[in-house]
Amino acid sequence: MPAPRKESLQRIQLGEQAIDYHLRRSTRRSVGLSVDRHGLRVSAPLRTPLRDIEVLLHKHAPWVLEKLSTRQSGQPPFSPCHGTTLPVFGSPLTLAHYPARRARWRFAGTTLELHLPQEEHAPAVLKAALTDAGRKFFRQRLDHYAPQLGLAPPPLRISSARTRWGSCSSRGNISLSWRLAMLSPALIDYIVCHELAHLKEMNHSPRFWSIVEQLCPDWRQLRQALRQQEPLIPDF
Numbered sequence: 002m003p004a005p006r007k008e009s010l011q012r013i014q015l016g017e018q019a020i021d022y023h024l025r026r027s028t029r030r031s032v033g034l035s036v037d038r039h040g041l042r043v044s045a046p047l048r049t050p051l052r053d054i055e056v057l058l059h060k061h062a063p064w065v066l067e068k069l070s071t072r073q074s075g076q077p078p079f080s081p082c083h084g085t086t087l088p089v090f091g092s093p094l095t096l097a098h099y100p101a102r103r104a105r106w107r108f109a110g111t112t113l114e115l116h117l118p119q120e121e122h123a124p125a126v127l128k129a130a131l132t133d134a135g136r137k138f139f140r141q142r143l144d145h146y147a148p149q150l151g152l153a154p155p156p157l158r159i160s161s162a163r164t165r166w167g168s169c170s171s172r173g174n175i176s177l178s179w180r181l182a183m184l185s186p187a188l189i190d191y192i193v194c195h196e197l198a199h200l201k202e203m204n205h206s207p208r209f210w211s212i213v214e215q216l217c218p219d220w221r222q223l224r225q226a227l228r229q230q231e232p233l234i235p236d237f
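Sequential numbering of the sequence shown, starting at 2, is according to this note's numbering.
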């Protein structure tokens with residue numbers, strides 16, 4: 002029997018709505034759901050039957066429909082203009098633009114300075130600033146929590162994922178999105194603990210959640226807070 006196509010467009014009826022979704026298959030071990038500006042995306046292991054994926058989608062239909070509704074109603078597109086306020090590690094920072102020969106940035110109290118050769122460079126320089134700050138903070142949190150599980154701090158990769166905050170590879174590498182820098186430290190810690198727990202348990206079994214709870218006792222409240230916060234994170 003041939004393996005399913007690695008990428009395909011599927012449709013499923015959830016309640017009264019017919020939902021199109023993008024299905025991507027890979028060597029991952031579990032099915033993952035995400036919703037971005039383009040709609041519902043499903044990532045699944047290569048050999049997972051389509052019927053099993055549909056069962057999971059029906060199980061999580063309320064979450065899927067809520068996310069799609071939120072994305073459709075959406076918030077205005079974010080533009081990193083001079084004077085714009087942006088959440089960084091749980092605190093609002095005001096962007097300040099300055100003309101400069103070369104692009105650079107500086108965190109100065111409640112201000113994030115963007116020194117720009119041209120105004121159109123603002124999104125790229127802001128991304129670089131958050132990536133740099135995020136990398137340092139994420140590294141610190143991984144180094145803090147990993148020994149509590151008897152683990153050496155794992156290698157860290159920074160991604161640009163919009164809806165998948167973090168991931169853990171079978172080789173023990175952890176990827177975290179630079180966009181996490183726009184969340185509070187408590188929510189970042191929850192995601193860090195979640196990914197570290199995958200180094201012990203690659204699924205989402207009860208044992209996995211017990212490991213998360215060992216590191217992060219209030220993970221349930223933080224997971225709910227993260228779901229509420231996701232639609233509010235600026236997208237650029």
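Glycine is no exception: its CB is placed at the ideal position from the N, C-alpha and C atoms.
Please return the same chain residues whose Cβ sits closer than 7 Å to the Cβ of residue i, not counting the five positions on each side in sequence.
i: Ala187; result: Leu223
i: Met2; result: The predicted position of Met2 is uncertain, since its pLDDT is 44 and thus under 50; no value can be drawn from it.
i: Glu231; result: none
i: Phe209; result: Ala198, Glu202
i: Glu214; result: Trp220
Cutting at 6 Å between CB atoms, please list the residues of its own chain near residue i, excluding the five before and the five after it.
i: Arg163; result: Asp37
i: Met203; result: Arg30
i: Trp179; result: Leu131, Thr132, Gly135, Ile159
i: Gln11; result: Tyr22, Leu24
i: Leu227; result: Leu188
Cα-Cα, which of the options is closest to residue i?
i: Glu67; options: Asp53, Gln18, Arg25; result: Gln18
i: Arg30; options: Tyr22, Ile20, Ser44; result: Ser44
i: Leu113; options: Gly91, Gly84, Glu121; result: Gly84
i: Lys201; options: Pro46, Arg102, Leu127, Pro155; result: Pro155
i: Tyr99; options: Pro88, Pro81, Gly91; result: Pro81
i: Gly238; options: Asp219, Gln229, Thr86, Ile212; result: With the chain represented from 2 up to 237, any question about residue 238 goes unanswered, as that position is not in the structure.
i: Gln149; options: Leu94, Leu47, Leu216, Lys7; result: Leu216
i: His116; options: Ser170, Gly110, Val126; result: Val126
i: Asp144; options: Gly33, Cys194, Ser70; result: Cys194
i: Pro50; options: Val89, Phe90, Lys7, Ala62; result: Lys7
i: Arg14; options: Leu58, Ala104, Leu47, Ser206; result: For the record, residue 14 in the displayed sequence is Gln; it is not Arg. Selected option, being the one with the closest Cα: Leu58.
i: Arg142; options: Arg103, Gln229, Phe90; result: Phe90
i: Ile20; options: Val65, Arg48, Gly33; result: Val65
Where do the N-terminal and C-terminal ends of the beta strand (DSSP E) with residue i fall, by residue?
i: Gly135; result: Counting along the chain, Gly135 falls outside any beta strand (DSSP E), though it belongs to the alpha helix (DSSP H) covering 123-146.
i: Arg42; result: 40-46
i: Arg25; result: 18-27
i: Val36; result: 33-37
i: Ala97; result: 92-100
i: His116; result: 112-117
If I follow the unbroken alpha helix (DSSP H) through residue i, where does it start and stop?
i: Val213; result: 207-216
i: Cys169; result: Looking at the DSSP string, Cys169 is not in any alpha helix (DSSP H); the run it does join, the beta strand (DSSP E), is 167-169.
i: Pro186; result: 186-199
i: Gln222; result: 220-230
Contact defined as beta carbons within less than 8 Å: I believe residue i pairs with residue j. What is the distance between those atoms, to the nearest angstrom?
i: Phe139; j: Leu181; result: 7 Å
i: Pro118; j: Ala101; result: 6 Å
Skipping 5 residues on each side, what residues in its chain have a beta carbon closer than 8 Å to that of residue i?
i: Arg165; result: Gly33, Ser35, Ser178
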